[in-house]
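Protein chains in written order, with the numbering used here: chain U, 98 to 502; chain H, 98 to 502. Written below as C-alpha cells is the structure these notes are about.
2 protein chains.
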Amino acid sequence: MKNLLVQKYGGTSVGSIDKIKKIAQRIVNIKRSGKHIIVIVSAMGDTTDTLVDLAHQIHSNPPSREMDVLLATGEQISISLLAMAIELLGEKVISLTGPQVGLKTNSTHKRARITDLDDKRVINELKENKIVIVAGFQGIDANDDITTLGRGGSDTSAVAIAAGLNADKCEIYTDVDGVYTADPRIVKDAKKLDRISYDEVLEMASLGAGVLHPRSVELAEKFGIPLVVRSSFHNEDTGTIITTDERMERTEVKGIALDNNIGKISIMEVPDKPGIAYRLFSMLANRNIHLDMIVQNTNRAAVNDISFTVDDDVLQEALEVSQEFAFEVGAQKVEFDKGVAKLSIIGTGIVANPEISSQFFETLYNLGVNIHTISTSETKISVLVDKNLAKNAMISVHKAFGLDQ
Amino acid sequence: MKNLLVQKYGGTSVGSIDKIKKIAQRIVNIKRSGKHIIVIVSAMGDTTDTLVDLAHQIHSNPPSREMDVLLATGEQISISLLAMAIELLGEKVISLTGPQVGLKTNSTHKRARITDLDDKRVINELKENKIVIVAGFQGIDANDDITTLGRGGSDTSAVAIAAGLNADKCEIYTDVDGVYTADPRIVKDAKKLDRISYDEVLEMASLGAGVLHPRSVELAEKFGIPLVVRSSFHNEDTGTIITTDERMERTEVKGIALDNNIGKISIMEVPDKPGIAYRLFSMLANRNIHLDMIVQNTNRAAVNDISFTVDDDVLQEALEVSQEFAFEVGAQKVEFDKGVAKLSIIGTGIVANPEISSQFFETLYNLGVNIHTISTSETKISVLVDKNLAKNAMISVHKAFGLDQ
Chain U
98 MKNLLVQKYG GTSVGSIDKI KKIAQRIVNI KRSGKHIIVI VSAMGDTTDT LVDLAHQIHS
158 NPPSREMDVL LATGEQISIS LLAMAIELLG EKVISLTGPQ VGLKTNSTHK RARITDLDDK
218 RVINELKENK IVIVAGFQGI DANDDITTLG RGGSDTSAVA IAAGLNADKC EIYTDVDGVY
278 TADPRIVKDA KKLDRISYDE VLEMASLGAG VLHPRSVELA EKFGIPLVVR SSFHNEDTGT
338 IITTDERMER TEVKGIALDN NIGKISIMEV PDKPGIAYRL FSMLANRNIH LDMIVQNTNR
398 AAVNDISFTV DDDVLQEALE VSQEFAFEVG AQKVEFDKGV AKLSIIGTGI VANPEISSQF
458 FETLYNLGVN IHTISTSETK ISVLVDKNLA KNAMISVHKA FGLDQ
Chain H
98 MKNLLVQKYG GTSVGSIDKI KKIAQRIVNI KRSGKHIIVI VSAMGDTTDT LVDLAHQIHS
158 NPPSREMDVL LATGEQISIS LLAMAIELLG EKVISLTGPQ VGLKTNSTHK RARITDLDDK
218 RVINELKENK IVIVAGFQGI DANDDITTLG RGGSDTSAVA IAAGLNADKC EIYTDVDGVY
278 TADPRIVKDA KKLDRISYDE VLEMASLGAG VLHPRSVELA EKFGIPLVVR SSFHNEDTGT
338 IITTDERMER TEVKGIALDN NIGKISIMEV PDKPGIAYRL FSMLANRNIH LDMIVQNTNR
398 AAVNDISFTV DDDVLQEALE VSQEFAFEVG AQKVEFDKGV AKLSIIGTGI VANPEISSQF
458 FETLYNLGVN IHTISTSETK ISVLVDKNLA KNAMISVHKA FGLDQ
C-alpha cells in the first residue's frame, strides 16, 4: 500500500496511561501529515511478568496453549487503551488482535512462527481512513487457537505486517534512541549510528548487543523493508536506519559487541572416531541447545578435546547432555568455565580485510588479553577472552577503530 | 449431547488462585463421575472494575467497540488459569474464548444479543474427552469483532451454550446457595426454595430479588433447560432448581421481593387529549428508559395526573424528559419522590386467587402501611409503599404467608 508507515511501540513505551496518551498524540500527528499508519504495540510495562507469575502460582509448567491464551490478554489491553486515547483526539481508529489482523502462524505455542498474513481486514480499515492498532506478539494457528511468537515477537509482528502490506518503512520505538557502535553503558564514547546494514545489525544482535531480535531483522531483510530504531521519548531524534548495504567494497568496523552471558564447556579426551562430534552436536540439537564457538583440538593420537560455548541459561542442560555423551563414548572429563566472555567486532566484509583483523588482535595483545578461541564470519570476528578483562578490552578496541570520533 | 452438564462460575467463585484450584477439583470430580462438562467463567473478582477504571483514566466515554476488546481480557485470563489448574489434576482440558466457542451476537457493543451458536468446535473438543472452559460474557459479531453481552452476560452465555448443545441442565454457581423466599439480609427467617418455576424467578428477578438476570432465565425457559442456582462454596447443598411449573392449579406465594432502588415521578394536571400519554411514554422509550408502575388519575374534567416509577439510576434522565413533556403539552408541575419502595409477592397464578390478595392487603393494613399504587401480573402482586416502612412490612408479609415455616 502506498504511503504506509508501520510503527511498533514496546512495553516501556506504553508503560503507563500518560505514556499511552503521549504516543496517541504522536500517532495522530503523523496521520494528519497525510500517511496511512499501522501501529503494533506490546503489553504495558510488566503486565506479561504479572501474568506469568499468576500462571506459576497455579502450575509449575503451565500448558503452552493455555499460556498463550493468558499472555495474549496483555497486548489486547494495550491496543484497546491506545485506540481509546486516539479516538479522544478525534481520529478514526480501530484495534485488532493478532487473530483479527490475520497473522497466521504454525501451532508451536509460546514460540510460533509466522506462516502467512491475511491482509483483507487491515486493508479495508486503512481504506476507511482509520489508524489501525495491532496487538503484537500474537497470532492464530490453523485450529483458530491463539499463539504467541516468543522472544522478539512484537518486532516480528511489525515487520511481517510491514512486509505483507509493502510499507515504506517499519519504525521500532524503544527506550534507546538507535543502534550504537557499542553498549553505551560500558563504552562511554559509543556513538549512535545513522545507518547500518541488516547483516551488520544481525551480527550485533546475535553477539549480545540486544537492540533488535534477529528474527525481525531477518524478515525485514528478506522483504527489503527499511527498519528504523528510535526512541519513543525524543521526537527530534531520527534514530538509526537499517537497510541494505549499498557501498561497494568499502569495509569498516561498525560496532563492538560484548556477550558476558555465556559459558564454555570442554569435553576432554574424546576417542577420535568418525561421526563422534556429530553425535554430540545432534544430542544437543535434540534438546534445542544452540552451540556457538566450537573448537576441537587433537592432543595426541586418536584423542580429541572438544570445547564449545552456550548461553548461560542453557549451560546446566548442556552440561547434562555433555556428561551423558562423555559416558557413552568413553571420554575422560567434562569441564565448564563461566569466566569467559565473547568480544566481537562487526562490519560487512571485515574478515576479508587483513588490516582490520590484525589491528583487532594487536590491540588485545597490547592490553595483555589472552585469546582462548577465535571465530569469524563474513561480517564479524569474535574472540573468547577472560570475562574480567573483557570490558576494558571493549573500550580499547572501540577507540582503536576510531568509533569514538 | 447426551450426559452433558453446563456449569457457570461467577467472579467471586474464581476470585483468587486458591478458589480457582478448588473449583478445578470440583470440576474434575464431576468429569470423573462420567459426564461431559462445559464450564463458563466470569472475570476474576474485581478485574472488570479495574479494566473499566483504566479506560476511564484515558477517556470519559470510551468507544464501545474498544471497551469490549478491553473487557473481554478479564474472562480470557480466568479461562486460561482454570484450564491450567485442571490440567495439573491430570484431566484433558481446553479453554475457549467467546469467539472460539462460536457465540455469535449482533453488533450492539457492551450489550450484545446472542444470535446463534456455532457448536462445531465445542462438540469436537467434548468428543475428545476434554473438559471445555468457556469465557462468559463475550461473543463475536458478523465483522469478527469482539462483543460483550452486558448485565447478566455470563449467565446468558451459559444458558445459550446449554440450550445449543441440549445439556441436561445448567448450573449457576454463585455466592448464595439458592433462591430464597425473601432476601435473607432483611428477612432472617427466609427459607431456601428447593424448586421454583421460570416465571416465578423471572418476577423475583425483575422485582429486585437479584439472584439471576431475567435474560438468562427467559432463555432457559424458551429452550426448556433446567437451571440450578447453587453455592460454589458448599459442596453438599444442592441449591434451587428452576424449571417449568408442573403442578395443576395449585397457587401459593413462593417469595417476597423488595425493591428500594426506585423513584416515583408525577406529572400533574396534564391536559386530557387523545394520545398524550403515548407521547410521554414514547419520549421515555426513545431514551431507553423503562417505566414500571404507571398510574393515571383523572382529577377533574379534562385534566390528568400521570405517575410512574423508574429505577433510581435513570431517575435524573426521566425527570428531564418529563419536564420537557410537561412544557410541551402544558402540564402544570412535575414532582419526584425517592421515599417509596416496591413490595411484591410472587407465585404462579396468585393474582387469580382472591384469598392471597386479600391476605396481602390485610397484612399491610394491620401494620398501618399505606398503599400508593398497586400493580399485578399473572405471577405477582406489587404495591408501592413508604420506603421507611417497607422492610418491616416485608418481614410481616413473609410470616403471614407461612414462608418462614
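For glycine and all other residues, C-beta sits at the position ideal for the given N, C-alpha and C. In this text, all values refer to a predicted model and were calculated from it rather than measured experimentally.
(1) Pick out whichever of Asn383/H, Gln154/H, Ala264/H and Val426/H has its Cα sitting closest to the Cα of Leu101/H.
(2) By Cβ distance below 6 Å, which residues in the same chain neighbour Thr460/U in space, the five residues on each side in sequence not counted?
(3) Nearest chain H C-beta to Ser419/U closer than 9 Å, yes or no?
(4) Specify the secondary structure class of Glu432/U as computed by DSSP and reduced to three states.
(5) Start and end of the beta strand (DSSP E) containing Met301/H?
(6) Kindly indicate the opening and closing residues of the alpha helix (DSSP H) around Gln456/H.
(7) Could you check whether the region 295-305 of chain U touches the region 351-359 of chain U, counting it as contact only if at least three pairs of C-beta atoms, one from each stretch, sit closer than 8 Å?
(8) Let me know if Glu163/H comes out buried or exposed under the rule of 16 or more other beta-carbons within 10 Å of its beta-carbon.
(9) Taking 9 Å as the CB-CB cut-off, is Leu246/U touching chain H?
(10) Please list, in chain order, all residues of the same chain as Ala232/H whose beta carbon is under 6 Å from its beta carbon, the five residues on each side excluded.
(11) Can you pull the chain U neighbours of Ser192/H, defined as C-beta to C-beta under 7 Å?
(12) Is any beta-carbon of chain U found at less than 9 Å from that of Leu486/H?
(13) Suppose the cutoff is 8 Å on Cβ atoms and the five residues either side in sequence are ignored; what does the same chain contact list for Gly249/U look like?
(14) Comparing the C-beta of Glu188/U with each C-beta of chain H, is any distance below 9 Å?
(15) Under 9 Å between C-beta atoms, does Leu223/U make it to chain H?
(16) Does Ala449/H get closer than 9 Å to chain U when you measure Cβ to Cβ?
(17) Name, going along the chain, the residues of the region 110-125 of chain U whose beta-carbon falls closer than 8 Å to a beta-carbon of chain H.
(18) Can you tell me whether Val503/H is helix, strand or coil according to DSSP?
(19) In chain order, what residues of the same chain have a beta carbon less than 6 Å from the beta carbon of Ile471/H, not counting five sequence neighbours either side?
(20) Let me confirm a value: Asp206/H is counted as buried when at least 16 other C-beta atoms fall within 10 Å, else exposed. Which label applies?
(21) Evaluate the contact criterion for the region 241-260 of chain H versus the region 219-228 of chain U: three or more CB pairs, one atom per stretch, below 8 Å.
(22) Looking only at its chain, what residues have a beta carbon closer than 8 Å to the beta carbon of Thr348/H, apart from the 5 residues adjacent to it on each side?
(23) Using beta carbons (cut-off 9 Å, strictly below), is Thr170/U in contact with chain H?
(24) Just verifying my parser: in three-state terms, what is the DSSP assignment at Arg507/U?
(25) Against chain H, with Cβ distances strictly below 9 Å, would His156/U count as a contact?
(26) Could you tell me whether any Cβ in chain U is nearer than 9 Å to the Cβ of Gln235/H?
(27) How about Lys289/H and Thr340/H: do their beta carbons lie closer than 9 Å?
(28) So, helix, strand or coil for Ala259/U, using DSSP?
(29) Let's test the definition: count the other Cβ atoms within 10 Å of the Cβ of His133/U and tell me whether it reaches 16, buried, or not, exposed.
(30) From the DSSP output, read off the bridge partner residues of Gly360/U.
(31) Evaluate Phe424/U with the Cβ neighbour count: other Cβ atoms within 10 Å of its Cβ, from every protein chain shown; 16 or more gives buried, anything less gives exposed.
(32) Near Glu318/U, which residues of its chain fall below 7 Å by C-beta distance, leaving aside the five closest residues on each side in sequence?
(33) Once the 5 residues before and after Gly261/H are set aside, which same chain residues still bring their CB inside 7 Å of it?
(34) Do Ile362/U and Ala415/U have their C-beta atoms within less than 9 Å of each other?
(35) Can you tell which of Ala169/U, Leu148/U, Val149/U and Gly131/U has its C-alpha closest to the C-alpha of Ser139/U?
(36) Just checking my contact of Glu268/U with Val219/U at CB under 8 Å: how many whole Å lie between their CB atoms?
The structure says:
(1) Taking only the C-alpha atoms, the option nearest Leu101/H is Ala264/H.
(2) So the list reads Ser493, Val494 and Ala497, once near-sequence residues are dropped.
(3) By this cut-off, Ser419/U is not an interface position.
(4) The three-state reading of DSSP puts Glu432/U in strand, counting E and B together.
(5) Residue range Tyr295 to Ser303 is occupied by the alpha helix (DSSP H) that includes Met301/H, with no beta strand (DSSP E) assigned at that position.
(6) Start and end: Pro451 to Leu464.
(7) In short, these stretches touch, since the Cβ pair count reaches three.
(8) By the beta-carbon neighbour count (other beta carbons within 10 angstroms, threshold 16), Glu163/H is buried.
(9) So no, Leu246/U is outside the interface.
(10) Contacts found: Glu172, Gln173, Ile176, Thr194 and Gly195.
(11) What Ser192/H touches in chain U: Glu163 and Val166.
(12) For Leu486/H, the answer is no, since every Cβ of chain U falls outside 9 Å of its Cβ.
(13) The residues Leu309, His310, Pro311, Arg312 and Ser313, in chain order, have a CB closer than 8 Å to that of Gly249/U in the same chain once the five nearest residues on each side in sequence are set aside.
(14) No, Glu188/U does not count as interfacial toward chain H.
(15) Chain H, which has no Cβ nearer than 9 Å to the Cβ of Leu223/U, makes this no.
(16) It does not: the Cβ of Ala449/H has no partner Cβ on chain U nearer than 9 Å.
(17) Against chain H - using a Cβ distance shorter than 8 Å - the residues of the region 110-125 of chain U are Ile114, Ile117 and Lys118.
(18) Here chain H has residues from 98 to 502 only, and residue 503/H is not among them.
(19) Excluding the 5 residues flanking it on each side, Ile471/H has same chain C-beta neighbours closer than 6 Å at Val480, in chain order.
(20) Asp is not the amino acid found at residue 206/H; the sequence shown has His there. His206/H is buried by the Cβ-count criterion.
(21) The way I'd put it, the region 241-260 of chain H doesn't touch the region 219-228 of chain U; fewer than three beta-carbon pairs between them come closer than 8 Å.
(22) By the criterion of a C-beta distance shorter than 8 Å, Thr348/H is surrounded in its chain by Gly444, Thr445, Gly446, Ile447, Ala449, Asn450 and Ile453, once the five residues flanking it on both sides are discounted.
(23) Yes, its Cβ sits closer than 9 Å to a Cβ of chain H.
(24) The question about residue 507/U has no answer here: the residues shown for chain U are numbered 98 through 502.
(25) Yes, because at least one Cβ of chain H sits closer than 9 Å to the Cβ of His156/U.
(26) Contact of Gln235/H with chain U is not assigned, every C-beta pair being separated by 9 Å or more.
(27) Against a cut-off of 9 Å, the Cβ pair of Thr340/H and Lys289/H comes out as no contact.
(28) In the structure shown, Ala259/U sits in a helix (DSSP, three-state: H, G or I).
(29) His133/U is buried by the Cβ-count criterion.
(30) DSSP lists Val407/U as partners of Gly360/U.
(31) Result: exposed.
(32) In its chain, beyond the 5 residues on either side, Tyr295 have a beta carbon closer than 7 Å to the beta carbon of Glu318/U.
(33) Excluding residues within five positions, the ones whose Cβ falls inside 7 Å are Leu214 and Asp216.
(34) With respect to Ala415/U, Ile362/U sits close: the two C-beta atoms are nearer than 9 Å.
(35) Checked all of Ala169/U, Leu148/U, Val149/U and Gly131/U; the closest Cα to Ser139/U is Ala169/U.
(36) For a cut-off of 8 Å, the C-beta gap from Glu268/U to Val219/U is around 17 Å, too long to register as a contact.
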